[in-house]
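Just remember that the working numbering sits 62 ahead of the position in the sequence shown, which is counted from 1.
Yeah, the Cβ is synthetic: ideal placement off N, Cα and C, and Gly gets one too.
First up is the structure itself, then whatever we jot down about it.
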Amino acid sequence: MSDNTNKNKKIDKDLGVDNANLILEKEIFPDIEFVDDIEFEKDIRMLENMKDKKENSGTRKRTSTNKKTTSNKKKTNANNSDTRQNAELDTESSKGRSNKSIGKSSGKNGSKKKKSRFKSGVLIYAAVLLVIVVGVWIFFYSFIDGYEKGMSYNKIAEIAKAFNVKGVDELFSDISGVTNEFEDEDYAIEYIKAQIDGKEITYKEAKENTSSSPVYEIYAADKAVAKVFLVQDGKIKHGFKNWEIGSIDIDEYLPESSNITIYAPEDAKVFVNGIEVIDTYIVSNEPVEILSGVSEYLENIPVQNKFEIKGFFNTPQIKVVDKEDNELVITNDKDSYTAGFAPDLDTETEFKSYVEDVTYAYARNFANLAKNIFSYVRPGSTLYESIESATTYFYPDSKISSTEFTSREITDFIRYSESCFTCHVKYDYTIYFTGYTIDKDVSSVDMIWTFVEYNGLWYLTQTQYVTE
Numbered sequence: 063m064s065d066n067t068n069k070n071k072k073i074d075k076d077l078g079v080d081n082a083n084l085i086l087e088k089e090i091f092p093d094i095e096f097v098d099d100i101e102f103e104k105d106i107r108m109l110e111n112m113k114d115k116k117e118n119s120g121t122r123k124r125t126s127t128n129k130k131t132t133s134n135k136k137k138t139n140a141n142n143s144d145t146r147q148n149a150e151l152d153t154e155s156s157k158g159r160s161n162k163s164i165g166k167s168s169g170k171n172g173s174k175k176k177k178s179r180f181k182s183g184v185l186i187y188a189a190v191l192l193v194i195v196v197g198v199w200i201f202f203y204s205f206i207d208g209y210e211k212g213m214s215y216n217k218i219a220e221i222a223k224a225f226n227v228k229g230v231d232e233l234f235s236d237i238s239g240v241t242n243e244f245e246d247e248d249y250a251i252e253y254i255k256a257q258i259d260g261k262e263i264t265y266k267e268a269k270e271n272t273s274s275s276p277v278y279e280i281y282a283a284d285k286a287v288a289k290v291f292l293v294q295d296g297k298i299k300h301g302f303k304n305w306e307i308g309s310i311d312i313d314e315y316l317p318e319s320s321n322i323t324i325y326a327p328e329d330a331k332v333f334v335n336g337i338e339v340i341d342t343y344i345v346s347n348e349p350v351e352i353l354s355g356v357s358e359y360l361e362n363i364p365v366q367n368k369f370e371i372k373g374f375f376n377t378p379q380i381k382v383v384d385k386e387d388n389e390l391v392i393t394n395d396k397d398s399y400t401a402g403f404a405p406d407l408d409t410e411t412e413f414k415s416y417v418e419d420v421t422y423a424y425a426r427n428f429a430n431l432a433k434n435i436f437s438y439v440r441p442g443s444t445l446y447e448s449i450e451s452a453t454t455y456f457y458p459d460s461k462i463s464s465t466e467f468t469s470r471e472i473t474d475f476i477r478y479s480e481s482c483f484t485c486h487v488k489y490d491y492t493i494y495f496t497g498y499t500i501d502k503d504v505s506s507v508d509m510i511w512t513f514v515e516y517n518g519l520w521y522l523t524q525t526q527y528v529t530e
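Structure (structure tokens):
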């Protein structure tokens, strides 16, 4: 440690402080090598200086002692100059190293910036590529979805899925034409519900099916229960067709319906299941059927309207009232309903006693007890001829003990016109015998009698048995 200190002092004395520091610096770091151009140039200069020093030293030996001091001064100056040059070279070398270091640092920063820009570019490219891929995927999915939804079989599959006991009500919410206006759609819907309840629902293309007008049949198990017609309702995405229900037909899958015929007086009102039947259901005006046998004796033949109504799945409730709102009696023969005119109390009051007289004469005539019936029957009528040619019972007067109406009902007096009325005559006329082969004989009648006015008198003109 002391040797280095002494050495440092000697250097300070010979070269001055600044030069000494430079030399010291080299001594302290003797192993540092400089390989750049500036360092190499400094070494060349140092060699040249050393050569000059040797030459100067030889010259100084040959010169005189007087010149020694001058030579020393020159030497000192030369050394100082070399020191300054070395210092300048060191400074330039330091600057070179500094510049080189700065260059390296700048290069590193530039490299980092380039890497940063590359990473940003890659990220941007990846983001753009991702957006394109996602966009293409979304478009492809949307296209496929639109294509699938645009196929009619997807719509019918959706309908078939809803074709269950709960869904039928909604599917048939606007159904019409299944039944007539007098029978609501509930019957048809309930019938379909019964057919599909607990069954597997499938569908098949109907024979009418086309690509532009799809038609499918709905099946419950292996039984067809409905036919669905699809119609185009605008378009969906990508221009594919949007299919909706056009109509649902179940007519051909329902049980066979019945058609009914109603006969009612011309001025009567007809109601079916509580709904009044309008004139569009009238197919003809015909003479009142019960008066068909006396029409030739009437100037103004009463007519009745004939109504025809189709498409009943249940037995309808029929009601007919006359112009005074009196409910008329209706007779039914399968799907035919006939409404008579309303019984008229005034007509009954006016003619009941007279009809009783006619029934007495009529009963006694067919018991072969009297022939005065012809005074009550219209002359020249078909009835007159029939009674006249009819075979009557022959009982010996001596064996007849008595006769009586064991029952007699004369009801339903109906006035068809000013010159015509009918009534319902029902009686049992009993003949009792004494000393005869039988004790009694009963003659029974259940008929509709028709009376027609002729020349101011009322005559029995037609009789018709009442059929059950």
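The DSSP assignment places complete alpha helix (DSSP H) segments of no fewer than 4 residues inside the segment 353 to 429 at 407 to 428, in order along the chain. Judged by DSSP secondary structure, serine 506 falls outside any alpha helix (DSSP H) and instead within the beta strand (DSSP E) spanning 502 to 516. Tyrosine 253 and alanine 286 have their alpha carbons spaced roughly 13 Å apart. About 6 Å separates the CB atoms of leucine 390 and aspartate 384; that is less than 8 Å, so the two are in contact. A straight-line Cα-Cα distance of about 12 Å links isoleucine 263 and valine 230.
The Cβ neighbour count for threonine 400, taken over all protein chains shown within 10 Å, is at least 16; the residue is labelled buried.
Put simply, the backbone Cα of threonine 342 is about 15 Å away from that of aspartate 329. Fewer than three Cβ pairs drawn from the segment 446 to 453 and the segment 478 to 487 lie within less than 8 Å of each other, which leaves the two stretches out of contact. If you compare the alpha carbons of Arg426, Leu353, Ile310 with that of proline 327, the shortest gap goes to Leu353. Within the segment 250 to 293, complete beta strand (DSSP E) segments of at least 3 residues are found at 263 to 267, 277 to 282, given in chain order. Distances from the CA of tyrosine 315 to each of Asn321, Ala282, Val514 were compared; the closest alpha carbon is that of Ala282. Separation of the CB atoms of serine 481 and valine 439 is rounded to 16 Å, and the pair is thereby denied contact status at 8 Å. When rounded, the separation of the alpha-carbon atoms in tyrosine 424 and serine 460 is 21 Å. Spatial neighbours of leucine 191 in its own chain (CB-CB distance under 7 Å, excluding positions within 5 residues in sequence) are not present. From the listed residues Ser214, Phe475, Phe291, Val198, the smallest Cα separation to leucine 407 is found for Phe475. For tryptophan 305, same chain residues with a beta-carbon under 6 Å away, outside a window of 5 residues either side, are Ser214, Lys217, Leu292 in chain order. Aspartate 490 sits in a strand when the DSSP states are folded into three classes. For isoleucine 337 against glutamate 243, the beta-carbon gap comes to about 7 Å, under 8 Å, which counts as contact.
Contact check between the segment 493 to 504 and the segment 454 to 473: three or more CB pairs, one atom from each, fall below 8 Å, which counts as touching. For lysine 372 against asparagine 321, the beta-carbon gap comes to about 4 Å, under 8 Å, which counts as contact.
Within the same chain, and ignoring the five residues on either side of glutamate 471 in sequence, the residues whose Cβ sits closer than 6 Å to its Cβ are Lys488. As computed with DSSP, proline 327 is found in a beta bridge with Gln366. Within 10 angstroms of the beta-carbon of lysine 303 lie 16 or more other beta-carbons, which makes it buried. Contact between the segment 414 to 428 and the segment 355 to 366 is absent, with fewer than three C-beta pairs closer than 8 Å.
Excluding residues up to 5 positions away in sequence, Val365, Gln366, Lys368 lie with their Cβ nearer than 7 Å to the Cβ of glutamate 348 in the same chain. Just measuring C-alpha positions, the residue of Lys502, Val382, Tyr457 sitting nearest valine 339 is Val382. For threonine 444, no beta strand (DSSP E) run applies; the uninterrupted alpha helix (DSSP H) run containing it begins and ends at 444 to 451, by DSSP. By the Cβ neighbour-count rule, leucine 519 is exposed, with fewer than 16 other Cβ atoms within 10 Å of its own.
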